[in-house]
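Novice: Sending over a structure as structure tokens; questions will come in a sec.
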Amino acid sequence: MRGLKGKNVLVTGGTSGIGQAMAVRFAEHGANVAINYLRQQDEAAETEQQVQTCIAKVQQEGVRDALVGADVSEEDEVVRMFEQAIAALGGVDVLINNAGIQISRPSHELAAEDFDRVLAVNLRGAFVCAREAIKHFLADGKPGSIVNISSVHQQIPKPGYLGYAVSKGGMQNLTTTLALEYAGSGIRVNAIGPGATITPINRAWVDDPAKAAQVTSHIPMTRAGTADEMAGAAAFLASDDAAYITGQTIYVDGGLTLYADFREPWSSE
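Under my numbering, the residues of the sequence shown are numbered 39 to 307, in order.
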């Protein structure tokens, strides 16, 4: 993809799953990558190793990677994370807002503090990261790109995961509002909405044939997606190939948001 080589990319939640795949994908395109981890630096060791392998494979002299720790729900940690990423890479051109959590519980049993925790990471954290990225883009005086990792559940309700669904609905408006506000400054803000994806966090159904079959029965393409497929969409939105795209969510979902129950036409006759 055009325009990724030499760019400085910060990936939050970059230690596994979709985040890890995105860090690796950007490295494959010759970008410098800052990988955010939550608690311990060794959490990011596998991602860093894969990124360094990609750097060697693309044979780009001077391509760098960095590990930057932060809990994105903590504003001071986010500010420090950006300072570290900018110092290590020489700037930030692309933010991948990927960090996220979910808590499963019937809504009438959901504690307010659990609801708050999910929104603090998924929505407030995404806002603070986007704010810091935009500050840097404006101060640097050059275009920048933000890709928010949302979900099909910004559109499809997810019973039992109220905090998660609300946070992703909010992310849709975060994406469109920031896109409109900063389009004139050359800052693009887009999102991807992953559907069912084969990642470690989804082991409960990925490793259970019966549950996996139930999940894929709702997907018109009859299979779950891969982290690499999500990474490809994110890389496209960050690239110059998407230079005229802003404020959009691309659903990478095998058609899940098309409502599989309507594959056969309904009739009132």
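C-beta: ideal position from N, C-alpha, C; glycine also.
What first and last residue would you give for the alpha helix (DSSP H) that runs through ARG169?
Specialist: Looking at the DSSP string, the run of the alpha helix (DSSP H) that includes ARG169 is 163-178.
Novice: Within its chain, find whatever has a CB closer than 8 Å to the CB of ALA126; leave out the 5 residues flanking it on each side and keep chain order.
Specialist: Result list for ALA126: ALA72, ARG102, ALA104, VAL106, in chain order.
Novice: Helix, strand or coil, according to DSSP, for SER188 in the structure here?
Specialist: If DSSP states are grouped into helix, strand and coil, SER188 belongs with coil.
Novice: Between SER277 and GLY41, is the Cβ-Cβ spacing less than 7 Å?
Specialist: Closer than 7 Å, so yes.
Novice: Cα separation between GLY233 and GLY263?
Specialist: Computed Cα separation, rounded: 7 Å.
Novice: Assuming contact is defined by CB atoms lying nearer than 7 Å, are ARG226 and SER189 in contact in what I supplied?
Specialist: Contact: no.
Novice: If you follow the beta strand (DSSP E) that ASN135 is in, where does it begin and where does it stop?
Specialist: From DSSP, the beta strand (DSSP E) with ASN135 extends over 132-135.
Novice: Which residues in the same chain have their Cβ closer than 6 Å to the Cβ of SER54, if we skip the five residues on either side of it in sequence?
Specialist: Counting only Cβ-Cβ distances below 6 Å, and skipping sequence neighbours, we find PRO238.
Novice: Taking its Cβ as the centre, do 16 or more other Cβ atoms sit within 10 Å of ILE163, making it buried, or is it exposed?
Specialist: The residue asked about is misnamed: residue 163 is Gly in this sequence, not Ile. Classification for GLY163: buried.
Novice: Give me the residue from ALA158, GLU112, VAL290, ASP131 with the minimum Cα distance to ALA229.
Specialist: Here the closest residue by C-alpha is VAL290.
Novice: If I measure Cβ to Cβ from ASP178 and keep anything under 7 Å in the same chain, skipping five residues before and after, which residues do I get?
Specialist: Excluding positions up to five away in sequence, the list reads GLY129.
Novice: If I'm right that ALA242 touches THR284 with Cβ under 8 Å, what's the distance once you round it to whole angstroms?
Specialist: Not quite, the Cβ-Cβ distance comes to about 36 Å (not below 8 Å), so this is no contact.
Novice: Grab me the residues of ALA59's own chain with a C-beta within less than 7 Å of its C-beta, minus the 5 sequence neighbours each way, in chain order.
Specialist: Only ALA265, ASP266, MET268, ALA269 meet the Cβ criterion.
Novice: What do you get for ARG77, buried or exposed, if any count of 16 or more other CB atoms within 10 angstroms of its CB means buried?
Specialist: Counting Cβ neighbours within 10 Å, ARG77 comes out exposed, since fewer than 16 surround it.
Novice: Determine the DSSP secondary structure at ILE283, reduced to helix, strand or coil.
Specialist: Looking at ILE283 - three-state DSSP - the assignment turns out to be coil, as it is neither helix nor strand.
Novice: Among residues of its own chain, excluding the 5 on either side of LEU48, which ones have a beta-carbon nearer than 6 Å to its beta-carbon?
Specialist: Same-chain partners within the cutoff: ALA72, ALA123, VAL130, LEU133.
Novice: Would you call the CB atoms of GLY52 and ASN74 closer than 7 Å?
Specialist: Taking 7 Å as the Cβ cut-off, GLY52 and ASN74 qualify as a contacting pair.
Novice: I need the DSSP call for ILE230, collapsed to helix, strand or coil.
Specialist: In the structure shown, ILE230 sits in a strand (DSSP, three-state: E or B).
Novice: To the nearest angstrom, report how far apart MET119 and ILE194 are at their CA atoms.
Specialist: Distance between the alpha carbons of MET119 and ILE194 is about 33 Å.
Novice: Report whether the distance from the Cβ of THR264 to the nearest heavy atom of the ligand ADP is below 6 Å.
Specialist: Among the components modelled here there is no ligand, and therefore nothing to report on the ligand ADP.
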